[in-house]
Amino acid sequence: MSSETDTSLPAPRIQLTPQQWRSKLSPEEYSVLREAATERPFVGEYTDVTTEGVYECRACGTELFRSTEKFESHCGWPSFFDPAESEAVILRSDDTLGMRRVEVLCANCHSHLGHVFEGEGYNTPTDKRYCINSIALRLHPSGSAAE
Numbered sequence: 375m376s377s378e379t380d381t382s383l384p385a386p387r388i389q390l391t392p393q394q395w396r397s398k399l400s401p402e403e404y405s406v407l408r409e410a411a412t413e414r415p416f417v418g419e420y421t422d423v424t425t426e427g428v429y430e431c432r433a434c435g436t437e438l439f440r441s442t443e444k445f446e447s448h449c450g451w452p453s454f455f456d457p458a459e460s461e462a463v464i465l466r467s468d469d470t471l472g473m474r475r476v477e478v479l480c481a482n483c484h485s486h487l488g489h490v491f492e493g494e495g496y497n498t499p500t501d502k503r504y505c506i507n508s509i510a511l512r513l514h515p516s517g518s519a520a521e
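The C-terminal residue of the sequence shown carries number 521 in the numbering used here, and the numbering is unbroken.
Written as structure tokens, this is what we have:
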């Protein structure tokens with residue numbers, strides 16, 4: 375489900391053509407971020423990372439999540455219980471694959487990040503699991519020059 379064709383969303387602040395996105399992203403990044411693909415479970419670079427820092431959108435650099443909200447869900451992808459700021463992501467209904475899910479998009483560039491699930495019983499303050507593709511993120515460890 376490509377966000378580029380959804381007219382119900384507010385316009386992204388960063389708007390690039392598919393060709394511009396392809397030149398900026400690797401083929402794998404483009405597939406996930408711009409075409410809503412999913413990376414295979416348990417292979418992502420941040421699945422088991424416990425480094426403190428800030429996770430940003432790999433496509434546009436917007437801060438999305440912080441390590442303080444990351445938790446181990448054993449689902450195969452990085453999991454967070456809340457975004458860094460409520461305006462950092464957009465949630466929208468996703469009825470692909472014959473099931474109802476809630477897709478998570480970067481609010482700044484509308485890149486596909488993953489999905490959010492509720493009521494699974496995780497011991498987190500929100501009872502939500504933002505299940506995010508590692509390839510959609512870039513981690514800036516605490517104390518790095520990016521802060």
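Yeah, the Cβ is synthetic: ideal placement off N, Cα and C, and Gly gets one too.
Determine the extent of the alpha helix (DSSP H) in which Ser405 is found, giving its start and end residues. 401-409
Using the three-state DSSP reduction, which class does Arg503 fall into: helix, strand or coil? strand
First and last residue of the beta strand (DSSP E) that includes Pro515? 511-515
For the segment 457-467 against the segment 415-425, are there 3 or more C-beta pairs whose distance is under 8 Å? no
To the nearest angstrom, how far is it from the Cα of Ala520 to the Cα of His514? Here the model assigns Ala520 a pLDDT of 46, short of 50, so the residue's position is not dependable and the matter cannot be decided.
What whole-angstrom Cβ distance do Cys505 and His489 have, given they're in contact under 8 Å? 5 Å
Assuming Glu430 contacts Leu487 (C-beta within less than 8 Å), just tell me the rounded distance between them. About 11 Å; that fails the 8 Å criterion.
Residue ranges of each alpha helix (DSSP H) within the segment 430-455, 4 or longer: none
Output yes or no for whether 8 Å exceeds the beta carbon distance between Asp468 and Thr500. no
Please name the residue in Leu438, Leu479, Tyr420 whose C-alpha comes closest to that of Gly450. Tyr420
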